[in-house]
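In this note's numbering, the protein residues as written are 169 to 714.
Beta carbons are placed, not taken as given, at the ideal position from N, Cα and C, and that holds for glycine.
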């Protein structure tokens, strides 16, 4: 598919899900990519940590791809860059903080010298073929959250990225209502908008309010060691916690490599200038308990993060009964069990846990309904295209936009090709939009044989049947619920396999495929009879079979 004299939109990731954002705009034979993110593996992908959008559609058209423009430095917007940038072979564009984060990833991957990373000085306009682009700063839970204002021959697009409204953001200066209104006055064809918090009836709240709540909460635990866990990427929250430490007369200690990296990147980009000096673990542990504030990674239950190790008691940072852990972050859907596991370990040690349900110590980085409605009023787009959400979020935002007077709302999912102009906006066709996973060191299809087999093995276990040239059989089971009856089961399964082979007639006795299938079925039936499970069966024929 090559876009003609039209304006197309295609999401390869991030529509119908939260995370893994990859968006394409097509115009006059060329494509522009906005964001190249990833998500993290869940139970449906055993042994997998990273999940990517399948870029096959745009890889086949890379000669027409002009560049990848990154809105901000969260993993669901830049995390796939080191895995695909070299193959795409086009320049990357980002503002300074985001560019530093990307550069670090490229260095780790050993490909920094192969990638053209262009740093855009915040509000500078730049042109890529038929697209004219300008970053518009918006508040978010990371430094340099940006929308993109994209000029095309068919009208202007306001692509929000992740955003919220914040009267006291602490880090950065987002565009004002007057500036956004001026953009609307010039005309906006389409608003491509974050849907994450559309069901929230209230505005997300200010980082300044979080600071005040954290000061009050930490001060309340006088004489106790306090640990705060938050998203490492939230530079504004790190600035907040630095102020909290100073206002409560505590020294600041940081636990987590990602926090160290963000602090270094933030300072190099001109942020965190007033962050107090960070003390090391030994110094922190030798201070009176009420004189240290610890910031740690791991609030989403990550098993190798600092908080998990603290909870297990195998980290240089030690907490005791009566100490306090503040969860200054929201619980990402899907992480409930992992977070609960950490919190239960802490609770078992009589460590006090405080979350945003008990105290206003966190605000979201995404817009609630009042913020969405305000943006609609300022920009007055002709078309609303919800993204960054599950289907229920995007459908609800479409309804909200229509009630607020937006003439057209188009709900799409990954792979849908939407024509925004000319004519009535809507879906015109579909393209491939699958998922890839990083399995060990190899990127493979998420629906490939390896992942399908791994799910089956996890659910039902494995039987291995070895048959020698004389028709004798050996059976071994893995993962079957037969601990007490295993030996009896193996004996019976072996007898069943031998009996099945003895029933083969004539040429069947020398047909490897027939022998293999007869042995497989006999072993599987025995396993089902004994355990109720239908395991995967692998039959190995030793030398001696024709």
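Smallest Cα separation from residue i: which of the options?
i	options	result
residue 308	240, 500, 551	240
residue 329	574, 534, 568	534
residue 379	409, 177, 355	409
residue 654	679, 674, 694, 621	694
residue 522	664, 502, 411, 492	492
residue 614	216, 248, 382	216
residue 333	466, 541, 358	541
residue 254	463, 576, 227	227
residue 266	244, 625, 336	244
residue 288	518, 301, 429	301
residue 449	416, 393, 442	393
residue 261	525, 294, 463	294
residue 500	207, 202, 177	207
residue 498	530, 353, 349, 603	530
residue 202	538, 188, 290, 656	188
residue 192	599, 270, 515, 210	599
residue 715	673, 607, 680, 674	Because the chain here runs from 169 to 714, residue 715 falls outside it and cannot be looked at.
residue 547	344, 281, 461, 556	344
residue 524	242, 352, 349, 381	381
Chain D beta carbons: is any one of them nearer than 8 Å to that of residue i?
i	result
residue 377	Reference to chain D is not applicable here, since this structure consists of a single protein chain.
Measure the alpha-carbon distance for residue i versus residue j and round it to whole angstroms.
i	j	result
residue 257	residue 230	8 Å
residue 618	residue 213	10 Å
residue 698	residue 683	23 Å
residue 633	residue 616	25 Å
residue 424	residue 374	26 Å
residue 457	residue 439	29 Å
residue 505	residue 469	8 Å
residue 662	residue 696	14 Å
residue 651	residue 671	31 Å
residue 412	residue 336	16 Å
residue 582	residue 180	5 Å
residue 398	residue 465	6 Å
residue 415	residue 519	23 Å
residue 612	residue 250	16 Å
residue 292	residue 511	46 Å
residue 126	residue 184	Limits of the chain in this structure are 169 at one end and 714 at the other, which puts residue 126 out of reach.
residue 480	residue 513	7 Å
residue 536	residue 543	11 Å
residue 549	residue 174	18 Å
residue 403	residue 434	7 Å
residue 680	residue 622	26 Å
So, helix, strand or coil for residue i, using DSSP?
i	result
residue 704	strand
residue 312	coil
residue 648	coil
residue 262	strand
residue 179	strand
residue 561	helix
residue 433	helix
residue 582	coil
residue 359	strand
residue 642	strand
residue 772	Shown here, the chain extends from 169 to 714; a query on residue 772 therefore has no answer.
residue 531	coil
residue 336	coil
residue 698	helix
residue 245	helix
residue 472	coil
residue 321	coil
residue 477	helix
residue 366	coil
residue 427	helix
residue 345	helix
Whose C-beta lies closer than 6 Å to the C-beta of residue i among residues of the same chain, with five residues either side of it excluded?
i	result
residue 170	197
residue 279	254
residue 221	180, 181, 188, 190
residue 593	551, 576, 578
residue 247	205, 206
In chain order, what residues of the same chain have a beta carbon less than 7 Å from the beta carbon of residue i, not counting five sequence neighbours either side?
i	result
residue 259	235, 284, 286
residue 660	694
residue 620	none
residue 427	400, 463, 465
residue 711	637
residue 646	629, 630
Which same chain residues, not among the five before or five after residue i, have their C-beta less than 8 Å away from its C-beta?
i	result
residue 579	554, 559, 562, 563, 566
residue 431	406, 422, 440, 443, 446
residue 471	506
For the pair the region 563-574 and the region 360-372, tell me if three or more CB-CB distances fall below 8 Å.
With a cut-off of 8 Å, the region 360-372 and the region 563-574 count as touching, because enough Cβ pairs lie within range.
Is the region 382-401 touching the region 587-595 in the sense that three or more CB pairs, one from each, lie closer than 8 Å?
no
Are three or more beta carbon pairs between the region 318-328 and the region 345-362 nearer than 8 Å?
A contact exists between the region 318-328 and the region 345-362.
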